[in-house]
Structures are given as structure tokens and as C-alpha cells.
Amino acid sequence: MRWRNQNQQDILIHNIRCWGLTKDQFGFHYVCDEEKNKVRRWKIRGERLDKEGKLVAGGNGEGNHLNQLKYPNGIIVDDKGQIYVVDLFL
Numbered sequence: 001m002r003w004r005n006q007n008q009q010d011i012l013i014h015n016i017r018c019w020g021l022t023k024d025q026f027g028f029h030y031v032c033d034e035e036k037n038k039v040r041r042w043k044i045r046g047e048r049l050d051k052e053g054k055l056v057a058g059g060n061g062e063g064n065h066l067n068q069l070k071y072p073n074g075i076i077v078d079d080k081g082q083i084y085v086v087d088l089f090l
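Be aware that the sequence shown starts at 1, since it is given in the UniProt record's numbering, and climbs by one per residue.
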């Protein structure tokens, strides 16, 4: 959700349980979806890019393998574009 001022809000990304959010130097927003065990990336310019965003981590079910997440709840993107995800149960 974005607040433009005290009286106006916009929902930019729908149907997500966000537990972590960050933005990189190029303006991409990265969101940890704790419920779906995924990290997705959006480029926001006033409106959502699309309904799903781009999957950047997880997305292969809940688990502890390198291509899976289990309740991701934090994220950092460094200046080289490398993504670091905090995962509660790995």
C-alpha cells in the first residue's frame, strides 16, 4: 500500500502476504510473500506492473532445498543485484 498523503492510499500489489519489502537502485520493489513461499519483483510506476510480478526466489513449494523457501520474512538486494532472503525454517 502506498500513502500519497493522509487522505489518499493506493494498493499497488494485491493478494499477497508481505513479510519483507525492499527496493533496489533501479527502482524495483522486492516482496517476500510468506504465505506462498516466494519472493517477487515489481517495477512500480504509479500502477502495478502486472498481477504476479517476476519470481526471483522460491516458487517450488515449501521446503529447505536451494530452490525452495519456507516462510520468507526479510529481504535485501545489494548494489550488484544479489538477493538475500531471511527464511525462518531453513
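Virtual Cβ for every residue (Gly too), placed ideally from N, Cα, C.
Under the three-state DSSP convention, the category residue i falls into
i, result
"isoleucine 76", "strand"
"glutamate 62", "strand"
"arginine 17", "coil"
"lysine 23", "strand"
"tyrosine 30", "strand"
"lysine 70", "coil"
Delimiting residues of the beta strand (DSSP E) encompassing residue i
i, result
"tyrosine 84", "83–87"
"lysine 43", "38–43"
Residues sharing a beta bridge with residue i, DSSP
i, result
"lysine 54", "Arg41"
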